[in-house]
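Okay, so the sequence shown: first residue is 23 according to this note's numbering, each after it adds one.
Glycine residues also receive a C-beta, built at the ideal position from the N, C-alpha and C atoms.
As the structure is a prediction and not an experimental result, all values here were calculated from the model.
A quick write-up on the structure given underneath.
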Amino acid sequence: MMRISVFLFMLMSFSKPTAIGASSPGDEILAAVKSGIDHGGNLSEVYDLVDDLPIKESKALYIRVNRVWPKLTGNYISNFKRHARNAGNDTRENKTHIRDLRKELESMKSLADRPMKDVLKKRGITILSELRKLLIPNTELVLSTANETLKKERRSLIAYAGLRDALIKAAIIPSDSTSLSPVTKAEEDFIRQLSGLDRKGLRIMEKNRKTAEKSKVPEPERKGVEDVNIMRLLAGYNALEIDPNLCAAARDHSKDMETHNFFAHNSPVKGKKTPWDRAKNFGTTASGENIYMGSTDPFAANRGWFFSPGHHRNMFKPGHKRIGLGQHNRHWTQLFGN
């Protein structure tokens with residue numbers, strides 16, 4: 023409670039008039055912002071008042087706000103972290119529930135195709151959503167469980183960040199980002215540390231981003247691979263390392279399917295008959311393949327495979343170690359490697 027009191031005290035202290043009996047335009051703007059925080063209302067009209075201030079007064083008010091801004095943000099972030107850490111305890115206490123959800127999802131793979139397809143649609147995606155909430159907390163979810171004091175601190179920061187940005191613009195002060203950007207980044211960075219996903223898997227995903235950038239893997243393909251890895255980690259499987267050569271082989275097959283008007287794992291193109299042939303052509307090996315047609319969105323392709331029994335079993339096979347995803351317009355090919 024002490025740090026929260028300090029935060030609110032700082033807000034009140036720099037919202038007071040600069041001198042007894044004096045009231046400057048800057049004082050009036052600060053008072054209007056505080057009133058907006060306390061009683062609600064559209065603060066954009068208050069920010070517009072900054073444009074009417076002489077540059078000298080804009081700079082003076084900016085200095086006044088900026089003097090306490092680092093302490094305001096620092097205190098809020100400390101309080102946010104404390105709450106997020108405590109809220110994260112709920113995730114750790116739900117290990118049994120997480121294990122049961124994963125077991126239920128795994129059991130679907132042993133069903134025959136028709137009942138498996140039905141249960142994937144009715145329950146499968148719901149299980150993934152539940153696991154996502156338990157294992158990947160986000161700022162919005164964490165703040166929804168915060169007490170009113172912390173929520174008011176954040177509303178206050180947003181309000182004064184808007185004022186600070188308006189003052190920066192009016193006083194022609196160079197700035198590369200908005201005032202709130204470092205705050206939201208600090209929130210997101212800390213929340214990411216609370217993720218319940220496998221740490222080794224998260225390291226593989228980070229390595230994949232660097233590999234994709236270095237090998238110039240197209241962004242839709244990289245995002246599609248990351249999406250698969252998140253689903254695998256949620257379900258309790260290992261993350262897969264991106265193989266740029268598998269991506270190239272997959273991309274080539276997607277292009278062939280459109281160019282030669284076929285949709286199959288076996289290609290009519292000479293030297294490219296099987297997935298294993300195609301992987302070999304690009305200097306790698308493959309252990310499984312999924313194909314999809316109908317959207318340019320990698321997430322649509324992954325969802326299509328998720329609900330299709332054979333493709334689902336392939337995507338969630340424990341033995342896979344590598345992955346490649348290749349797009350050509352509305353065609354997608356997903357290759358796996360041991």
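Query                                                                                                                                                                        : Result
Secondary structure at H353, three-state DSSP: helix, strand or coil?                                                                                                        : strand
Would you tell me roughly how many angstroms separate the C-alpha atoms of T296 and R121, rounded to the nearest one?                                                        : 37 Å
Given a cut-off of 7 Å, decide if L262 and L357 are closer than it, judged by their beta-carbon atoms.                                                                       : no
Out of N360, R145, M138 and K78, point me to the one whose CA is closest to I195's CA.                                                                                       : K78
How is L75 classed by DSSP in three states: helix, strand or coil?                                                                                                           : coil
With 16 other CB atoms within 10 Å as the buried threshold, where does S178 fall?                                                                                            : buried
Applying the criterion that 16 or more other CB atoms from any shown protein chain within 10 Å of the CB defines a buried residue, is S66 buried or exposed?                 : exposed
Between which two residues does the beta strand (DSSP E) harbouring I158 extend?                                                                                             : That residue, I158, is in no beta strand (DSSP E); it is neither H nor E in DSSP.
Considering just the uninterrupted stretch of the beta strand (DSSP E) at Y314, what are its terminal residues?                                                              : G310 to M315
Buried or exposed for L347, please, with buried defined as at least 16 other CB atoms from any protein chain shown within 10 angstroms of its CB.                            : buried
Using the Cβ count rule (16 or more neighbours within 10 Å means buried), how would you classify Q215?                                                                       : exposed
Inspect the CB distances between the stretch 330–339 and the stretch 283–295 and report whether three or more fall short of 8 Å.                                             : no
How long is the line joining the alpha carbons of K342 and W354, rounded to whole angstroms?                                                                                 : Residue identity check: residue 342 is His in the sequence provided, not Lys. For H342 and W354, the distance between alpha carbons rounds to 19 Å.
Count the other C-beta atoms from every protein chain shown that fall within 10 angstroms of the C-beta of P331, then say buried if there are 16 or more, exposed otherwise. : buried
Just list the residues that DSSP pairs L347 with in beta bridges.                                                                                                            : Q356
Distance, Cα to Cα, T167 vs G305?                                                                                                                                            : 51 Å
Using CA atoms only, rank isn't needed, just tell me which of I51, G63, M138 and K277 is closest to L75.                                                                     : I51
Just verifying my parser: in three-state terms, what is the DSSP assignment at I264?                                                                                         : strand
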